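J.: In the working numbering, the protein residues as written are 309 to 512.
Here is the structure:
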C-alpha cells in the first residue's frame with residue numbers, strides 16, 4: 309500500500325495513468341478537482357485539511373467492480389490540533405460481527421492509540437492500523453479511542469457496536485389527520501401502537 313503524508317493547507321496532487329481511460333473511485337470530497345486527458349487523470353485538492361485524510365482509488369473505466377484493477381493511495385493530512393480524523397455519524401454505529409473495525413484513524417503515524425470501553429474505562433488490546441482503526445472481536449457496547457501527545461489527551465467520538473439479531477424493537481405508525489382509519493399489522497408477537505398526528509396550530 310502506498311501512502312502520502314502532507315501538511316495542512318497544502319495541495320494534494322495525485323495522478324493516475326492506465327492502458328485505457330481511467331476514473332477515480334467515488335465518493336470523492338466535494339472540493340476535489342479532476343482533470344482527465346486520454347489515459348491519464350489528475351486529482352487535485354487545494355487547502356488540504358484533516359477531513360481529506362482517506363484512501364483514494366483509481367481504476368480503468370471499463371473495469372468497474374474489478375478489485376484487482378483498483379490501485380489505491382492513502383493520504384494522511386497532519387494536524388497538531390486534531391488527533392482523530394472526523395467521522396460521519398453513520399460510521400459511529402458498528403454492526404456486530406466476528407472481526408469488526410472501530411474506525412478511529414489518527415492524524416499522525418506516531419500516535420499511540422488506546423481502545424477504551426465506555427463507561428467502565430477498561431483498556432482493551434486489539435490490533436491497530438492508523439489507516440484503518442482497531443480490528444478484532446468486540447462484544448456489543450460502546451467504545452472510544454484515546455491518544456496522548458504533547459501532554460494533552462484527546463478522545464474520539466463514541467462508537468456503538470450493535471447486535472440487531474434477536475433484539476426487541478418498537479414500531480409506531482402515524483396515520484393521516486381526519487376520520488378514523490384501520491391499520492392491520494400481520495406479524496407474530498408484535499405489539500403496534502397507531503396514532504393520528506395532532507391537528508395544525510394557528511399563531512396570531
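Backbone N, C-alpha and C fix where the C-beta goes; we use that ideal spot for every residue, glycine too. No experiment lies behind these values; they were computed from the predicted model shown.
Measure the Cβ-Cβ separation of residue 386 and residue 316 and say whether it is below 8 Å.
T.: The residue you call residue 386 lines up with position 78 of the chain shown. The residue you call residue 316 lines up with position 8 of the chain shown. Contact flag set, yes.
J.: Here's a check: name, in chain order, each residue in its chain whose Cβ is nearer than 8 Å to the Cβ of residue 346, leaving out the five neighbours to either side.
T.: Reading the chain shown from its first residue, position 38 is the one you call residue 346. Here the set comprises 329.
J.: Does residue 433 pass the burial test, meaning 16 or more other C-beta atoms within 10 Å, or should it be called exposed?
T.: Your numbering for residue 433 matches position 125 in the chain shown. By the neighbour-count rule (16 or more Cβ atoms within 10 Å), residue 433 is not buried but exposed.
J.: Assign residue 353 to buried or exposed, taking buried as 16 or more other Cβ atoms, counted over all protein chains shown, within 10 Å of its Cβ.
T.: For the purposes of this step, residue 353 is taken as the residue at position 45 of the chain shown. Result: buried.
J.: Please classify residue 313: is it buried, with 16 or more other beta-carbons within 10 angstroms of its beta-carbon, or exposed?
T.: For the purposes of this step, residue 313 is identified with residue 5 of the chain shown, where counting begins at 1. Exposed, by the Cβ-count rule.
J.: Could you spell out the range, first to last residue, of the beta strand (DSSP E) harbouring residue 405?
T.: Here residue 405 corresponds to residue number 97 of the chain shown, with the count starting at 1. It is not in any beta strand (DSSP E) - residue 405 carries neither H nor E in the DSSP assignment.
J.: Hey, out of 440, 431, 413 and 453, whose CA is closest to residue 358's CA?
T.: Residue numbering aside, residue 358 sits at position 50 when the chain shown is read from its first letter. Out of 440, 431, 413 and 453, 413 has the C-alpha closest to the C-alpha of residue 358.
J.: Over what stretch of residues does the beta strand (DSSP E) that includes residue 328 continue unbroken?
T.: Start at 1 with the first residue of the chain shown, and residue 328 comes out as number 20. Run containing residue 328: none; DSSP gives neither H nor E here.
J.: Beta strand (DSSP E) containing residue 356: first to last residue?
T.: Taking the first residue of the chain shown as position 1, residue 356 is located at position 48. No beta strand (DSSP E) holds residue 356; DSSP gives it neither H nor E.
J.: Give me the Cβ distance between residue 415 and residue 440, rounded to the nearest whole Å; I'm assuming they're in contact under 8 Å.
T.: Numbered from 1 along the chain shown, position 107 holds the residue referred to as residue 415. Numbered from 1 along the chain shown, position 132 holds the residue referred to as residue 440. The pair is not a contact, with the Cβ atoms about 14 Å apart (cut-off 8 Å).
J.: To the nearest angstrom, how far is it from the Cα of residue 394 to the Cα of residue 428?
T.: Along the chain shown, one-based indexing puts residue 394 at 86. Along the chain shown, one-based indexing puts residue 428 at 120. Whole-angstrom Cα-Cα distance: 24 Å.
J.: As a quick exercise: from 403, 447, 380 and 443, pick the residue whose alpha carbon is nearest that of residue 351.
T.: Stepping through the chain shown from its first residue, residue 351 is reached at position 43. It is 380 whose Cα lies nearest to the Cα of residue 351.
J.: By a C-beta neighbour count over all protein chains shown, 10 Å radius and 16 as the cutoff for buried, is residue 418 buried or exposed?
T.: Residue numbering aside, residue 418 sits at position 110 when the chain shown is read from its first letter. Flag for residue 418 reads exposed.
J.: Can you give the beta carbon distance from residue 410 to residue 356, rounded, assuming they're within the 8 Å contact cut?
T.: By one-based count along the chain shown, residue 410 stands at place 102. By one-based count along the chain shown, residue 356 stands at place 48. Actually they do not touch by this definition, with Cβ atoms about 25 Å apart.
J.: Got a sec, what are the start and stop residues for the beta strand (DSSP E) residue 421 sits in?
T.: One-based indexing of the chain shown puts residue 421 at position 113. Looking at the DSSP string, the run of the beta strand (DSSP E) that includes residue 421 is 421 to 426.
J.: Given a cut-off of 8 Å on the beta-carbon distance, is the pair residue 465 and residue 408 in contact?
T.: Here residue 465 corresponds to residue number 157 of the chain shown, with the count starting at 1. Here residue 408 corresponds to residue number 100 of the chain shown, with the count starting at 1. No, these two residues do not count as a Cβ contact at 8 Å.
J.: Out of 348, 437 and 321, state which residue places its alpha-carbon closest to the alpha-carbon of residue 339.
T.: If you number the chain shown from 1, residue 339 lands on position 31. Looking at the Cα atoms, 321 is the closest of the given residues.
J.: How many angstroms separate the CA atom of residue 327 from the CA atom of residue 368?
T.: As a working mapping, residue 327 is identified with position 19 in the chain shown. As a working mapping, residue 368 is identified with position 60 in the chain shown. If you take the alpha carbons of residue 327 and residue 368, they lie about 8 Å apart.
J.: In three-state DSSP terms, what is residue 431?
T.: The count along the chain shown starts at 1 and reaches residue 431 at position 123. Note: residue 431 maps to strand in three-state DSSP.
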